[in-house]
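Since the structure comes first, as structure tokens, the remarks are kept for the end.
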Amino acid sequence: MSHKPTTVAELGEFTVLIDVRSPAEFALDHIPGAINCPVLDDEERRVVGTTYVQVSAFEARKIGGAMVARNIARHLDEQFRDKPRDWRPLVYCWRGGMRSGSFVNWLRLVGWDAQQLKGGYKAWRAHVIEQIAQRAPALDLRVLCGPTGSAKTRVLQALAAQGEQVLDLEDLAAHRGSVLGAVPGRPQPSQKAFETQLAHRLAALDPARRVWVEAESRRIGRITVPEPLLQRLRESPVVEIAAPPDARLAYLLRDYAWLGDDRPALADKLDGLRELLPRDVLAQWREWALAGALAPLFEALMARHYDPLYARSQGRHLAGLPNAHRVASDDLSDAGIQSLAGHIASLP
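As structure tokens, then:
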């Protein structure tokens, strides 16, 4: 039972991944599948850090050592008491230092073949960045575009259900990519957590098959699309959904009906457009929002904001747009979306 630093490439050889960082660090991002067993909680980590800065490293280690010992004992008693002798955990902290080293030492004293991740979370983070940089440029992307209300997200979902490979960036970012794009009940992840999930998704894709993705700007809410993927997206072939305004409006009224449930919040979202619209136009839109009048509001948003924005941005950023396959549909009902996805999937 040798004790050697373990690399990211060996993650799959272990029974469990144990992240011993504080809950706040774990919530920001972590290796997929890891469990959080902090050796210092958020407050304890603050106390130790303050002591290190204001008193001395020795006093910080003395205080922290007692905290770490108590927490490790609690984890051993509450979470690992039933683990068999062949249980094999891999432990990591921020950079493969004292926190994970202490945990590994205690687990090995018990008799388990516990190992420490070399470089800790920082090594994982470097791996994520490297994987995105390597895999994104090799993707055989097909970019789905169309003005707001063209049901692009639902078409992506329908394509996935029909067996096509799909990369749903808005789902990973928990945002629909517009001023009204926040997803109810789903706060956006951190940038690091988004990139971890993106790398995980890219690893699951077959590079020999095409991958459908929605046209995105550089930012999805507060998430930034990594440059290697953004560049690949912008240079890839394009399929454009062409749907008339009345079909798009009907779709938006169904897909965003939940916005009428909190009218003051909807009105506040519109304030994000204050630099782009005349004051009287924004006042009228806020009035519609507060009254729950979604039809005139969405119609005006399409005509005055979304469609002009689409015309400016897509032509500037999508190199393949002049040669795009244009797929027309005047039916964006559930059945119409299924039919549209089938047509798109049949394209060469």
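Each residue of the sequence shown is one higher than the one before, counting from 1017 in this note's numbering. Note that beta-carbon positions come from the ideal geometry of N, C-alpha and C, so glycine has one too.
Assumed close pair valine 1227, leucine 1363 - CB separation to whole angstroms, cut-off 8 Å
At roughly 14 Å, the Cβ-Cβ gap does not stay under 8 Å, so valine 1227 and leucine 1363 are not in contact.
Going by C-alpha to C-alpha distance, which of His1333, Tyr1326 and Tyr1272 sits closest to alanine 1309?
Per the Cα distances, Tyr1272.
Assigned secondary structure, proline 1401 (DSSP; H/G/I helix, E/B strand, else coil)
Only positions 1017 to 1364 of the chain appear in this structure, which leaves residue 1401 out of reach.
Which residues share a DSSP beta bridge with aspartate 1187?
Answer is none; aspartate 1187 lacks a bridge partner.
Sorted by chain position, which residues of the same chain lie with C-beta nearer than 7 Å to alanine 1335's C-beta, five sequence neighbours on each side aside?
Taking alanine 1335 as the centre and dropping the five residues before and after it, the same chain places the C-beta of Arg1250 and Glu1251 closer than 7 Å to its C-beta, in chain order.
Please tell me whether valine 1259 and valine 1159 are closer than 8 Å, where the distance is taken between their beta carbons.
As written in the sequence, residue 1259 is alanine, which differs from the valine given in the question. No, they are not a contact pair.
Which same chain residues end up closer than 8 Å to glycine 1065 when comparing Cβ atoms and leaving out the 5 residues on each side of it in sequence?
Ala1076
Among Val1055, Tyr1108 and Met1114, which residue has its Cα nearest to the Cα of histidine 1091?
Val1055
Inspect the CB distances between the segment 1141-1153 and the segment 1109-1122 and report whether three or more fall short of 8 Å.
no
Would you be able to state if there are at least three C-beta pairs under 8 Å between the segment 1217-1224 and the segment 1293-1308?
no
Per the contact definition of three or more C-beta pairs closer than 8 Å, is the segment 1273-1283 in contact with the segment 1181-1192?
no
Please classify leucine 1292: is it buried, with 16 or more other beta-carbons within 10 angstroms of its beta-carbon, or exposed?
Flag for leucine 1292 reads exposed.
If you scan the segment 1092-1179 from start to end, which runs of the beta strand (DSSP E) of 3 or more residues do you find wholly inside it?
1105-1108 and 1156-1161
Looking at methionine 1318 and leucine 1265, is the spacing between their C-beta atoms short of 8 Å?
yes
Same chain only: Cβ atoms within 7 Å of arginine 957, ignoring 5 sequence neighbours per side:
One cannot answer for residue 957 here, as it falls past the ends of the chain, which runs 1017 to 1364.
So, at 7 Å on beta carbons, what are the nonlocal neighbours of proline 1105 in its own chain, with the 5 sequence-adjacent residues on each side left out?
These residues qualify, in order along the chain: Phe1030, Thr1031, Val1032, Ile1034, Leu1123, Trp1128 and Ala1130.
Taking the alpha carbon of leucine 1356 as the reference point, which residue from Arg1290, Thr1169 and Ala1040 has its own alpha carbon closest?
Thr1169
Valine 1036 in three-state terms, based on DSSP
coil
Buried or exposed: which applies to glycine 1113, given that a residue is buried once 16 or more other Cβ atoms fall within 10 Å of its Cβ?
exposed
Span of the alpha helix (DSSP H), counted from its first residue to its last, around valine 1297:
Membership of valine 1297 in the alpha helix (DSSP H) is indicated by the continuous run 1295-1307.
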